[in-house]
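The block underneath contains the structure these notes are about, expressed in structure tokens.
Numbering (UniProt numbering), first residue to last: 1 to 405.
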């Protein structure tokens with residue numbers, strides 16, 4: 001075993017993302033579903049939603065993003081010592097997605113790769129990231145790199161219902177309650193690290209898990225409300241102090257007037273600290289465990305590297321069930337190469353817009369063929385991005401075969 005020098009400043013060195021080439025326009029979907037204009041585009045804050053047909057599954061999209069990552073950054077598969085996948089999209093209840101990804105390592109002869117899958121709703125990717133950092137910070141680290149994959153497929157039914165059926169209001173409150181306690185915990189850690197009177201001002205950018213972007217707007221206002229509770233007489237709260245001075249965390253969860261007031265109060269700060277991180281979320285939709293990392297990729301793609309130097313970026317990761325964390329890191333090097341390799345805006349613009357009827361038909365196909373054996377996908381390979389892994393067949397024993405387009 002190689003004896004490695006204890007690492008310093010463990011962090012993210014490179015990022016790659018993947019999303020399907022097809023999308024449905026949310027304003028057109030509003031008309032098709034017969035809902036009020038703005039229900040999806042304003043009420044949820046969504047513009048477009050990416051989705052895949054029966055040619056892609058969780059294994060294919062993870063194969064694609066890992067292969068593209070290794071190729072773009074010129075990483076030798078032998079350099080990887082840990083590979084962990086955060087996902088709640090399960091194909092095989094015994095075999096991890098990571099096991100499928102090991103096929104990419106075969107040619108290099110590297111079979112000594114730690115890690116499996118980590119699952120807890122949308123939190124799995126963050127847990128996998130923490131595990132990777134802790135591995136590198138431990139005596140078990142052998143000097144090689146850790147690769148973290150966060151991937152899911154969010155499946156939508158007709159209208160804005162989503163599989164599985166959930167208690168929507170309870171889910172929203174659970175998200176906000178988890179945010180409250182994660183933020184308080186984060187502030188304590190800042191205090192323990194010597195930060196005096198920590199608050200929202202202690203971070204330069206704040207990236208949220210985004211089930212839909214309107215939820216992020218509400219979450220940002222909630223952060224400001226937490227700061228208000230800690231220092232209610234601060235000058236910026238003068239206009240609302242009397243109205244909300246008696247509120248507590250628990251009493252405030254269903255207070256829509258309070259929610260609206262803090263959204264309005266936080267608008268300019270939201271624009272400065274969070275809005276740029278929502279590029280992908282607005283145009284792709286809910287990405288489950290990959291959501292918060294797409295937010296980070298969006299931020300890097302939207303803000304020049306020179307403006308990010310030395311800045312502290314905080315991430316709020318949440319998975320229903322529930323698990324949540326706020327954690328942060330500083331940008332300590334040039335990230336322009338990451339932004340260039342992501343090429344996020346151009347890739348978003350290179351997608352295919354399909355009609356709501358086509359979208360419904362494809363979702364119905366995915367539902368009707370779910371868990372089928374002896375199945376050959378019917379989706380067009382020509383409607384995939386170049387260099388995309390796709391499903392070619394499922395045999396009678398449910399074994400899946402993939403090819404690279």
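The beta-carbon is built from N, C-alpha and C at its ideal position, and this holds for glycine as well.
All values derive from a computational prediction rather than experimental measurement.
| Check | Outcome |
| --- | --- |
| Of the residues 139, 255, 265, the one placed nearest residue 227, counting alpha carbons only | 265 |
| Straight-line gap, residue 214 to residue 139 (C-alpha atoms, nearest Å) | 43 Å |
| Reference residue 125; option with closest CA among 148, 110, 112 | 148 |
| Segments of 3+ residues assigned as beta strand (DSSP E) that fall wholly inside the stretch 37-81 | 48-51 |
| Cβ separation of residue 54 and residue 378, assumed to be a contact under 8 Å, to the nearest whole Å | 6 Å |
| Straight-line Cα distance separating residue 279 from residue 209 | 13 Å |
| CB of residue 412 within 7 Å of CB of residue 283, strictly | Outside the shown range of the chain (1 to 405) lies residue 412, about which nothing can therefore be said. |
| Cβ shell of residue 40 (< 7 Å), same chain only, five flanking positions each side left out | 26, 29, 30, 46, 160 |
| Close-in-space but distant-in-sequence residues of the same chain around residue 176 (CB under 8 Å, 5 per side omitted) | 218, 219, 222, 253 |
| Boundaries (first-last residue) of the alpha helix (DSSP H) holding residue 295 | 291-302 |
| Contact belief for residue 415 with residue 205 at Cβ below 8 Å, rounded distance in angstroms | Residue 415 lies beyond the residue range present for the chain, which begins at 1 and ends at 405; the question has no answer from this structure. |
| Assigned secondary structure, residue 330 (DSSP; H/G/I helix, E/B strand, else coil) | strand |
| Selected residue, minimal CA-CA separation from residue 61, among 323, 154, 212 | 154 |
| Start and end residues, alpha helix (DSSP H) containing residue 214 | 213-230 |
| With 16 other Cβ atoms within 10 Å as the buried cut-off, status of residue 165 | At residue 165, the pLDDT of 44 sits below 50, so the modelled position is not reliable and the matter cannot be decided from this model. |
| Under the three-state DSSP convention, the category residue 375 falls into | strand |
| Residue 290, buried or exposed, once every other Cβ within 10 Å from all chains shown has been counted against 16 | buried |
| Boundaries of the alpha helix (DSSP H) in which residue 97 is found, first to last residue | 97-101 |
| Burial state of residue 127, where buried means 16 or more other Cβ atoms lie within 10 Å | buried |
| Rounded Cβ spacing between residue 108 and residue 78 (contact assumed at less than 8 Å) | 5 Å |
| Which of helix, strand or coil DSSP assigns to residue 312 | strand |
| Residue 140 - DSSP class collapsed to helix/strand/coil | coil |
| Endpoints, beta strand (DSSP E) assigned at residue 145 | 145-150 |
| DSSP bridge partner residues for residue 189 (one or two, in chain order) | DSSP lists no partner for residue 189. |
| Span of the alpha helix (DSSP H) around residue 341 | 336-342 |
| Bridge partners - residue 404, DSSP secondary structure assignment | 389 |
| C-alpha distance - residue 268 paired with residue 262, whole-angstrom precision | 11 Å |
| Given 8 Å, three or more beta-carbon pairs between the stretch 64-83 and the stretch 6-23 | yes |
| Residues that residue 406 bridges to, as DSSP identifies them | Given that the chain is displayed from residue 1 to residue 405, the structure contains no residue 406 and the question cannot be resolved. |
| Through-space distance from residue 9 to residue 305, alpha-carbon basis | 19 Å |
| Distance CB(residue 123)-CB(residue 323) smaller than 7 Å | yes |
| Alpha-carbon to alpha-carbon, residue 146 and residue 80 | 6 Å |
| Sequence-distant residues of its chain with Cβ nearer than 6 Å to residue 114 (five each side left out) | 82 |
| Assumed close pair residue 285, residue 50 - CB separation to whole angstroms, cut-off 8 Å | 6 Å |
| Alpha-carbon spacing of residue 48 relative to residue 203, whole angstroms | 30 Å |
| Exposed unless 16 or more other CB atoms sit within 10 angstroms - verdict on residue 22 | buried |
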